[in-house]
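Residues 66 to 334 in the working numbering are what the sequence shown lists, from first letter to last. A short write-up of the structure that comes next.
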Amino acid sequence: MKKSVVSKEYQKLQKDIIRLQEQWKTSLDPDCIRPNHDKAAMEAGVPVTALAAIDFDISLFLQWIEDIGELLSKYQPELEKVMESIKKLLDEETAKRWIDEAFAFNHIYFASFAEENEVDEWIPQFLAETLLRPYLQLTAEKVQDEIQYGVHGAGCPVCGEPVRLAQLEDGGKKVLHCPRCLAHWHDKRITCSHCGNEDHETVQFLTIEGDAAAQIQVCEECKGYTKVIDTRQYIVKPTSAMLDLNTIHLDFVAQENGYKSAGETKQTN
Ligand SMILES: [Zn+2]
Ligand SMILES: [Zn+2]
């Protein structure tokens, strides 16, 4: 187990960011997102957020850029200037584009934005993804009651993030949790949550020495993995964003053993 791979400082920054996002979400007008309750699309695995209408508020966006800039500068003082210059680049059109491209995981757009504006490559996409999350989380809250099951292979039914985290709830039921939008949905305990494989010979559990509450479900069919955490004993349940961060050592174990958080698509004829 390589806990040391992730520095304490990185974990602390991530926790501060999660806290900021929780605050930001409360400043959103609940009516600014109108999900499209299209059952057929949901059953086909189209993430809810792909069809949701969002009233975008540029002043809020710029406030959040300022908040995250302040936080990042505490960890890396040289980022203060960079954040100032980025803020100047963000007019309403560009800010909206950021949200759209972050949703679409468009690495190419952000890489070229960084190059054109001479900022470090990781910064624009990281910022856009960070600022997108409160919108995703509000969407998830609004449709949570309608989300019972996901479509194997389609990732999170709300935001499309690949599956990687589950919690065991009453009776040992496996509930998948999305650390990105915080949606949750059910899946069968023994089923691979990536490809739907139910064969107990090829869906197995890796256990972690000294950590009885954690298992990694792995599938030999698609090479996907899911962290399965028994949180029934927890007195205070962390949010799934925190739980994902606190169990990041399990991702390293899984990946070192050749498994991925997004399973490979099965070849079907
Ligand atoms: Zn999600
Ligand atoms: Zn699988």
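Heads up, the beta-carbon is just placed ideally off N, CA and C, and yes, glycines get one too.
| query | result |
| --- | --- |
| Spatial distance of Tyr174 from Thr114 (CA atoms) | 20 Å |
| For Val113, the three-state DSSP class (helix, strand or coil) | helix |
| Exercise answer, beta-carbon shell around ligand 1 heavy atoms below 6 Å | Cys221, Val223, Cys224, Glu226, Cys243, Arg245, Cys246, Ala248 |
| Reduced DSSP secondary structure (H/G/I, E/B, other) of Ala105 | helix |
| Glu266 CB to nearest heavy atom of ligand 2 below 8 Å | no |
| Start-end ranges of the beta strand (DSSP E) lying completely within the region 251-319, minimum 3 residues | 268-273, 276-284, 290-295 |
| Distance between beta carbons of Ile212 and Ala248, contact taken as under 8 Å | 6 Å |
| Beta carbon of Gly218 nearer than 9 Å to that of His265 | no |
| Beta-carbon contacts of Asp235 that lie in its chain and below 8 Å, excluding the five residues immediately before and after | Arg297 |
| Distance cut-off 8 Å: Gly261 Cβ against heavy atoms of ligand 2 | yes |
| Spatial distance of Leu315 from Glu131 (CA atoms) | 33 Å |
| With 16 other Cβ atoms within 10 Å as the buried cut-off, status of Lys292 | buried |
| Assigned exposure category for Trp129 - 16 Cβ within 10 Å defines buried | buried |
| Per-residue burial, Glu166 [other beta carbons within 10 Å of its own, 16 or more giving buried] | buried |
| Buried/exposed call for Ala180, threshold 16 Cβ in 10 Å | Rather than Ala, the amino acid found at residue 180 in this sequence is Glu. Burial call: exposed. |
| Delimiting residues of the beta strand (DSSP E) encompassing Ala231 | 230-234 |
| Inter-residue Cα distance where the pair is Pro95 and Lys77 | 29 Å |
| Val228 burial status per 10 Å Cβ neighbour count (16 or more: buried) | buried |
| Same chain, Cβ closer than 7 Å to Lys288, neighbours up to 5 away in sequence not counted | Gly323, Tyr324, Lys325, Gly328, Glu329 |
| Own chain partners of Asp120 with C-beta closer than 7 Å, once the 5 adjacent residues on each side are dropped | Cys97 |
| Distance between Tyr214 and Ala105 (C-alpha atoms, nearest Å) | 14 Å |
| Buried versus exposed, by CB contacts within 10 Å (16 or more), Gln332 | Caution applies to Gln332, whose pLDDT of 47 falls short of 50 and renders its modelled position unreliable; the value that the coordinates give is listed next. Answer is exposed; the Cβ neighbour count stays below 16. |
| For Cys224 and Ser305, believed in contact at Cβ under 8 Å, the rounded distance | Actually they do not touch by this definition, with Cβ atoms about 12 Å apart. |
| Integer Cβ distance of Ala277 from Thr312, believed to fall under 8 Å | No, Ala277 and Thr312 are not in contact; Cβ-Cβ is about 13 Å, not under 8 Å. |
| Neighbour-count burial assignment, Phe168, 16 or more Cβ in a 10 Å radius | buried |
| Beta-carbon proximity of Ile83 to Leu241, cut-off 9 Å | no |
| Cβ-based burial, Val208 [other Cβ within 10 Å; buried from 16] | buried |
| For Lys325, the first and last residue of its enclosing alpha helix (DSSP H) | Looking at the DSSP string, Lys325 is not in any alpha helix (DSSP H), and its letter there is neither H nor E. |
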